[in-house]
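Below you'll find the structure, written out as structure tokens, and then a few comments.
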Amino acid sequence: MFRSRVAFRAGRGRHVTETPPSLPLQTKLHRSRGRSHGKKQEEDELDSTMTSTRRLGKELDDMRKSGMKHFRNIQVDESNILTWQGLIVPDCPPYDKGAFRIEIIFPAEYPFKPPKITFKTKIYHPNIDEKGQVCLPIISVENWKPATKTCQVIQCLISLVNAPQPEHPLRADLAEEFTKDRAKFMKNAEEFTKKHSEKRPVD
1 MFRSRVAFRA GRGRHVTETP PSLPLQTKLH RSRGRSHGKK QEEDELDSTM TSTRRLGKEL
61 DDMRKSGMKH FRNIQVDESN ILTWQGLIVP DCPPYDKGAF RIEIIFPAEY PFKPPKITFK
121 TKIYHPNIDE KGQVCLPIIS VENWKPATKT CQVIQCLISL VNAPQPEHPL RADLAEEFTK
181 DRAKFMKNAE EFTKKHSEKR PVD
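Below, the structure is given as structure tokens:
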């Protein structure tokens, strides 16, 4: 903040008030535009979050009503609908001996940006790495379409779990085993599933 300064001019015996010059008009306009831009950005982010919340709320209701056979025990914190958890329940060996918990994190820009899926349960699979990251083309940035629904993503995930794709591996060692010695892979995967998977939901 500028303050007026009082100077005493020698020889004249009087005080003179000196006021600093005001900011140039261009600077004022620039600051005003900056504030307007910041407010506009906040409004856009709020609109985006509201859009994703409405969309996800409807998708969640539809999925719960449809009773998806292979995605069970869906858990969503009502205060944060952008994070889901649930159990993937495969129906093909070697993964049909257990269930696998996954976490789905939706960005605030959903459905214009894809969700991210992580396996929280360990799984012996060439397309899912030790950290639970999954190679799923439908949610890749280059393939994602805003019209794609979460139930479609889950269906693609189930298909991938039931039928591994060794040509697009995240674990090259398991892809090689799957390709060259299927019997060994099936045995190892079944034993791993029995040891690490969660209990399958009772129908």
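In this text, residue positions in the sequence shown follow UniProt numbering: the first is 1, and each later residue adds one.
For each residue, glycine too, the CB sits at the ideal point set by N, CA and C.
Sequence-distant residues of its chain with Cβ nearer than 7 Å to residue i (five each side left out)
i    : result
L136 : I117, C156, L157 and L160
K149 : E59
N127 : V134, C135, L160, P164, Q165, H168, P169 and L170
A175 : P126, P166 and P169
For residue i, the three-state DSSP class (helix, strand or coil)
i    : result
I139 : helix
Sequence-distant residues of its chain with Cβ nearer than 6 Å to residue i (five each side left out)
i    : result
R72  : L87, V89 and P201
T179 : P166
P114 : I139 and W144
I74  : G86
E103 : Q85, T118 and K120
P107 : K113
H70  : V89 and I158
K194 : K97
Y110 : S52
Cutoff 8 Å; reference residue i; Cβ partners in own chain excluding five residues on either side
i    : result
E130 : K122 and R171
D96  : P90
K184 : E177
D77  : T83
Exposure of residue i, with buried meaning 16 or more beta-carbon neighbours within 10 Å
i    : result
S66  : exposed
S79  : exposed
N143 : exposed
G57  : exposed
F112 : exposed
H125 : buried
D44  : Legend: pLDDT at D44 = 49, less than 50; position of this residue unreliable, value from coordinates given subsequently. Exposed: under 16 other Cβ atoms inside 10 Å.
P164 : buried
V153 : buried
A147 : exposed
V141 : exposed
K93  : It should be pointed out that residue 93 corresponds to Pro in this sequence rather than to Lys. Exposed is the call here.
Any chance you could list the alpha helix (DSSP H) runs of at least 4 consecutive residues sitting entirely within the UniProt domain "UBC core" (51-198), in chain order?
150-162, 172-180 and 182-196
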